[in-house]
Every structure is written in structure tokens, then in C-alpha cells.
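Below you'll find the structure, written out as C-alpha cells, and then a few comments.
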Amino acid sequence: MTAVMKGVRVLEVAEHTFVPAASALLADWGAEVIKIEHVERGDAMRGLASTGTSPVSGSVHVLLEHSNRHKKSLALDLTSDEGLDIVYRLAATCDIFLTNKLPRVRAKLKIDVEHIRAHNPKIIYARGTGQGERGADADRGSYDFLAFWARAGIAAALMNAGDEQIRFPPAPGFGDSIGAMTIAGGLMGALFHRERTGEATIVDVSLLGAGMWSMGQGIALADQLQRPLGQPPTGRSGNPLVGTYRTGDDRFLVFSCLQAARYWPELCTLVGRPDLVTDPRFVDHAAISANTDAAFDILGEVFAQRTLEQWRETLRDFSGQWAVSQTTLEITTDPQATDNGYLQDVQTSAGTPFRLVAAPVQYDEQPAPAGRAPDLNEHGDEILQSLGLDWDAILNLKIKGVVA
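Residues in the sequence shown are numbered from 683 upward in steps of one, following the numbering used here.
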């Protein structure tokens, strides 16, 4: 794997998932990331006991690992003059400063753009926020469940008629991880711009903006038609080959054959209903469209007659586009995922094995190897010594509680 970010140094003052996961991606691609953590508790994620929908348990805190792999940790008191001086000295050596602190907190801690750039005018300053840097809600905290999932329209678009409440996101850090990829891409663009022009930029990404981009086509349609996007009232699309079918063992096959007339004859033959090929109701695109409900009903009865594994074998050579609806556990053994290195083997500092999803971009046909997250302040002494502090000075800072 080509470490395209090798030689890039990142200073992170951030917690939870949204922003830390961005620098984790950069670290996977070769960047050196120095993570500043709270001097006593560390990143708030270290103490997380529940995601809100599921407990965080086991010998490995995989949520923390996902967004902090390959980093170096320095536990520091940012409210002290000595701690702030260390941040400034580190910033002077870095290419990127990355934070998710709110505007008022950045100002209070003296780590806003003007403060950091006073010590490094060429540093790229990146801010990850809930609702953006401007507007009445700029200084309000948020999470992906709120800004990305609820406010951007995703939750409402997933509701069916009669639902009494919105659905929760499908996984912890769902919007955070998508937003993190957006930040990582933005930072790589900023680095390229600085390389070409010498200009250091400010990079802003919000959970609201990332959620709206994810829903971009739906939002554009809603705006054009002046009606909100939602689930089909019948649970069916206008194309019988774009939808889901329940198998005999209560699993789901998912089809997305946009050219229904092209794939209809082949599918009907494969599933043992060649009579449907010449059925006047389904002889061409117009006929299929006019008789969509009938086609759904017939195929529904057909697919209910066999198990998922039987249908996997039957549809193995089908040229149309389809997939099995898999669980988050099943994807961990999906041959396509493992053959492409989309899951990576990792070990904690104590040697406990676990797996993480790999960075979604590969260079030179190789997945980026995922590393482990640092223990709290694991690299503290090393980082301080790199700034020229001797052991007596470091010990003095420890006694004062400035560093762990």
C-alpha cells in the first residue's frame, strides 16, 4: 500500500468519533497524528459505557479503536499556560490542526485559527462542527443522531405511514464516519492546494452538511416537487425488479435492476417461471410498468418457496443486479469483503486480537493496514522530548498536573 500521507503531521484536539475518525483515516494512509487528550480522563470516548442503543463491552473498546488507530497520545491540561504552550510548539511542527471544539470553547482555550496560526502561518486549520460555523446554532453542540440523522432529513425519509417514532441510526457513529471521510478528503484537497499555491486554508465540515450531501438527490427532488421524500406508501417501487423479496426462511433478496424489461426474461426463466416471459402483462417495459403490482405479487410467491441459500445458488449467474440483505455480523465473513481486505486484523497493546473495517480508499491495489489506538498518554514523554524538554522539565510538568 502506498502511504500517500507519509510525511504529513497532524495535531488533533478532538473527542468522540466525527473528527477523530478523519485523522484516523489520514493515519491509516501514513500521516503522523498526535492526539491531545484530557489530562485525566482522556478522550470522552474512553469512558463511554453505551452507544444509546447498545452497550460498549468486552476487552477491546472497538468504538475508540475505530476512530483512533495509528495515533500518538499526549494527555495534556489545555487550561494551563504550560499546556497551551506545548500545543503551540507542536502546532509549529504540524501541517494540519484538527478540532471539533465549539467556537466559544476554541476561543476560551485560545486554540482558534488566529491563535494557532500565530505559531504556524502555513498550518491548515480544520473544524468539524454539528451545524456549521455560521448561524444561530453554530455554537450549539450536536451528535450525528441529531444533525446528520434527524435534522438533515434522513430519519424522516425512512419513516413509513403509521410509524409512531423515527428509527435510530443503523450503527454507532454512522454519520460520524461518513462525515469523517468528508473531512479527510477535504484535508487532502487543502494539502494539494497548499503544495501548488503556498496558501493554507481553513477547512470546515459539519454533520449537518455531510448529512445533506448524503441526501443531496432527495433534497433536490423535494425542493423541486415541493414535497418531502418518503418511503413508497405501498412499500413497493414502480419497478418489480427494484425492491425486496422475502425468502422461505425469512431472509430478504434485494434487487436493483433499473432496466426491468431487459432482465425480466432471464430472471423469470431462472426462477422457474418461463411462462411470465410471454405473459401479455409483462412483454415489454410499458406492460411491466402498468402491471407492477401483479409482478410483485407473483415474484413474492415465487421467492417465498425457497430458502436464501437455494436462491443464492439459483441466482448465482443472473446478469442483473441483486444482493442479499446481510447483518453486520454476516458481512464480517462475506468473501467479497475479506478478499478485498475490507476487514483488518489488529491487536491491542496487550496483544488482544480484534478486527476493524479498513479505510475505504485503497492505493496501488492494497488495503491500508489498520493499527490500534494508543493507550492514554502512551506517547506523552516521547512527544515532549521531541520538543526539546528534558526529563526534569517533564517531571515538573507531571507534578503540576499539566501532563499525565
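Even glycine gets a Cβ: it sits at the ideal position worked out from N, Cα and C. Just so it is clear, the structure is predicted and the values come from calculations on it, not from any experiment.
> When the Cα atoms are used, what is the spatial distance from Phe964 to Ala977?
Replying inline: Translated into positions along the sequence shown, residue 964 becomes position 282. Translated into positions along the sequence shown, residue 977 becomes position 295. Phe964 and Ala977 have their C-alpha atoms some 8 Å from each other.
> On the premise that Thr699 lies in contact with Thr886, defined as a C-beta separation below 8 Å, what is that separation, rounded to the nearest angstrom?
Replying inline: Reading the sequence shown from its first residue, position 204 is the one you call residue 886. Reading the sequence shown from its first residue, position 17 is the one you call residue 699. The sequence shown places Asp at residue 886, rather than the Thr named in the question. With 8 Å as the limit, Asp886 and Thr699 do not qualify as a contact, their Cβ atoms being about 18 Å apart.
> Taking three-plus beta-carbon pairs below 8 Å as touching, is the region 792 to 811 in contact with the region 750 to 757?
Replying inline: Here the region 792 to 811 does not lie against the region 750 to 757, with fewer than 3 beta-carbon pairs under 8 Å apart.
> Taking C-beta to C-beta, are Ala1088 and Leu1025 nearer than 8 Å?
Replying inline: The question about residue 1088 has no answer here: the residues shown for the chain are numbered 683 through 1086.
>> Could you tell me the alpha carbon to alpha carbon distance between Gly925 and Glu846, rounded to whole angstroms?
In response: Counting from one through the sequence shown, the residue named residue 925 turns up at place 243. Counting from one through the sequence shown, the residue named residue 846 turns up at place 164. In this model, Gly925 and Glu846 are separated by some 24 Å (Cα to Cα).
>> DSSP three-state label for Arg751, please.
In response: Residue 751 sits at position 69 when you count from the first residue of the sequence shown. Note: Arg751 maps to coil in three-state DSSP.
>> Below 8 Å on the Cβ atoms is my contact criterion, and I expect Leu890 with Thr929 to pass it. Report the Cβ-Cβ distance as a whole number of Å.
In response: Within the sequence shown, residue 890 is the residue found at index 208, counting from 1. Within the sequence shown, residue 929 is the residue found at index 247, counting from 1. With a Cβ gap of about 39 Å, Leu890 and Thr929 do not count as contacting.
> For Gln1048, which three-state DSSP category applies?
Replying inline: Translated into the one-based positions of the sequence shown, residue 1048 becomes position 366. Strand.
> With burial defined as no fewer than 16 other Cβ atoms inside 10 Å of the residue's Cβ, what is the status of Gly920: buried or exposed?
Replying inline: As a first step, residue 920 is located in the sequence shown; it is residue number 238 there, counting from the start. Gly920 is exposed by the Cβ-count criterion.
>> So Ala943 and Asp966 are supposed to be a Cβ contact under 8 Å. How far apart are they, rounded?
In response: Sequence index remark: in the sequence shown, residue 943 carries index 261 (1-based). Sequence index remark: in the sequence shown, residue 966 carries index 284 (1-based). The Cβ separation is near 6 Å, so the contact holds.
> Anyone know if the C-beta pair for Glu747 and Arg1054 falls short of 8 Å?
Replying inline: To locate residue 747, count along the sequence shown from 1; it is residue 65. To locate residue 1054, count along the sequence shown from 1; it is residue 372. Yes, the pair counts as a contact, with Cβ atoms nearer than the cut-off.
> First and last residue of the alpha helix (DSSP H) that includes Leu1011?
Replying inline: As a position in the sequence shown, residue 1011 is number 329, starting the count at 1. Where Leu1011 is concerned, there is no enclosing alpha helix (DSSP H), given that its DSSP letter is neither H nor E.
> Which word fits Gln813, buried or exposed, when buried means at least 16 other C-beta atoms lie within 10 angstroms of its C-beta?
Replying inline: By 1-based counting over the sequence shown, the position of residue 813 is 131. Looking at its Cβ environment, which holds 16 or more other Cβ atoms inside 10 Å, Gln813 is buried.
>> Just to confirm the assignment: which complete beta strand (DSSP E) runs, minimum length 3, are found wholly within the region 931 to 1008?
In response: Listed in chain order, the beta strand (DSSP E) runs fully inside the region 931 to 1008 are 934 to 938, 1004 to 1006, counting runs of at least 3 residues.
> Is Ala757 closer than 8 Å to Gly1062 when the C-beta atoms are compared?
Replying inline: Looking up residue 1062 in the sequence shown gives position 380. Looking up residue 757 in the sequence shown gives position 75. For Gly1062 and Ala757, yes; Cβs fall inside 8 Å.
> Out of Met687, Trp1073, Lys1080, which has the shortest C-alpha to C-alpha gap to Gly871?
Replying inline: On the sequence shown, residue 871 is found 189 positions in, with the first residue counted as 1. Nearest of Met687, Trp1073, Lys1080 to Gly871, Cα basis: Met687.
> Since Leu869 and Ile778 are thought to touch, with beta carbons under 8 Å apart, how far apart are those beta carbons, to the nearest angstrom?
Replying inline: Working through the sequence shown from its first residue, we reach residue 869 at position 187. Working through the sequence shown from its first residue, we reach residue 778 at position 96. Yes, Leu869 and Ile778 are in contact; Cβ-Cβ is about 6 Å, under 8 Å.
> At which residue ranges does the region 761 to 821 contain complete beta strand (DSSP E) runs of 3 or more residues, listed in the order of the chain?
Replying inline: Those beta strand (DSSP E) runs which fall completely within the region 761 to 821 and span 3+ residues are 778 to 781, 806 to 811.
>> Quick test of the definition: if touching needs 3 or more C-beta pairs under 8 Å, does the region 727 to 744 touch the region 777 to 793?
In response: Fewer than three beta-carbon pairs drawn from the region 727 to 744 and the region 777 to 793 are found closer than 8 Å, and the two stretches are therefore not classed as touching.
> Between the C-alpha atoms of Glu1047 and Gly810, what's the straight-line distance to the nearest angstrom?
Replying inline: If you number the sequence shown from 1, residue 1047 lands on position 365. If you number the sequence shown from 1, residue 810 lands on position 128. Glu1047 and Gly810: Cα-Cα distance of roughly 30 Å.
> Around the Cβ of Pro702, are there at least 16 other Cβ atoms within 10 angstroms (buried) or fewer (exposed)?
Replying inline: Counting from one through the sequence shown, the residue named residue 702 turns up at place 20. It counts as buried.
> Could you give the C-beta distance for Ile980 and Leu958, rounded to a whole number, given that I count them as a contact under 8 Å?
Replying inline: On the sequence shown, position 298 is the one that residue 980 refers to. On the sequence shown, position 276 is the one that residue 958 refers to. Their Cβ separation, rounded to whole angstroms, is 7 Å, which keeps Ile980 and Leu958 in contact under 8 Å.
> Between the Cα of Ile718 and the Cα atoms of Ser705, Asp710, Gly712, which residue gives the shortest distance?
Replying inline: Against the sequence shown, residue 718 aligns to sequence position 36. Taking each of Ser705, Asp710, Gly712 in turn and checking the Cα distance to Ile718, the smallest one comes out for Ser705.
> Got a sec, what are the start and stop residues for the beta strand (DSSP E) Arg1054 sits in?
Replying inline: Locating residue 1054 in the sequence shown gives position 372, counting from the first residue. From DSSP, Arg1054 is part of no beta strand (DSSP E); its letter is neither H nor E.
> From Asp759 to Ile793, what does the alpha carbon distance come to, in whole angstroms?
Replying inline: Along the sequence shown, one-based indexing puts residue 759 at 77. Along the sequence shown, one-based indexing puts residue 793 at 111. Rounded to the nearest angstrom, the two C-alpha atoms are 13 Å apart.
> Exposed or buried, what is Ile1081 when buried is set at 16 or more other beta-carbons lying within 10 Å of its beta-carbon?
Replying inline: Looking up residue 1081 in the sequence shown gives position 399. Exposed: under 16 other Cβ atoms inside 10 Å.
> Can you find at least 3 beta carbon pairs, one from the region 890 to 909 and one from the region 827 to 834, that sit closer than 8 Å?
Replying inline: With three or more CB-CB distances shorter than 8 Å, the region 890 to 909 counts as touching the region 827 to 834.
> In this structure, what does DSSP give as the bridge partners for Ala757?
Replying inline: Translated into positions along the sequence shown, residue 757 becomes position 75. Looking at the DSSP output, Ala757 shares a beta bridge with Glu719.
>> Let me make sure I understand the geometry here. Which of Ala1032, Asp1027, Gln1044 has the alpha-carbon closest to that of Leu1038?
In response: As a position in the sequence shown, residue 1038 is number 356, starting the count at 1. Ranking Ala1032, Asp1027, Gln1044 by Cα distance to Leu1038 puts Asp1027 first.
> If you follow the alpha helix (DSSP H) that Asp886 is part of, which residue opens it and which one closes it?
Replying inline: Counting from 1 along the sequence shown, the entry for residue 886 is found at position 204. Where Asp886 is concerned, there is no enclosing alpha helix (DSSP H), although the beta strand (DSSP E) it sits in stretches over 884 to 888.
> For Phe830, is the classification buried or exposed, using 16 other Cβ atoms within 10 angstroms of its Cβ as the cut-off for buried?
Replying inline: Numbered from 1 along the sequence shown, position 148 holds the residue referred to as residue 830. So Phe830 counts as buried.
> Thinking C-alpha only, which one of Ile1065, Val690, Ala1086, Ile1076 is nearest Glu877?
Replying inline: Position 195 of the sequence shown holds residue 877. Considering only alpha carbons, the answer is Val690.
>> Quick check: the Cα distance between Pro1035 and Leu693, rounded to an integer number of angstroms?
In response: The count along the sequence shown starts at 1 and reaches residue 1035 at position 353. The count along the sequence shown starts at 1 and reaches residue 693 at position 11. The straight-line gap from Cα to Cα measures roughly 28 Å.
> With distances taken between CB atoms, is the gap from Gly898 to Leu911 smaller than 8 Å?
Replying inline: Counted from its first residue, the sequence shown places residue 898 at position 216. Counted from its first residue, the sequence shown places residue 911 at position 229. Contact flag unset, no.
> Do you know offhand how far Gln1067's Cα is from Trp1004's?
Replying inline: Reading the sequence shown from its first residue, position 385 is the one you call residue 1067. Reading the sequence shown from its first residue, position 322 is the one you call residue 1004. Answer to the nearest angstrom: the Cα atoms are 56 Å apart.
> What distance in whole Å lies between the Cβ atoms of Ala726 and Thr781, which are believed to be in contact at a cut-off of 8 Å?
Replying inline: Within the sequence shown, the letter at position 99 stands for residue 781. Within the sequence shown, the letter at position 44 stands for residue 726. The pair is not a contact, with the Cβ atoms about 14 Å apart (cut-off 8 Å).
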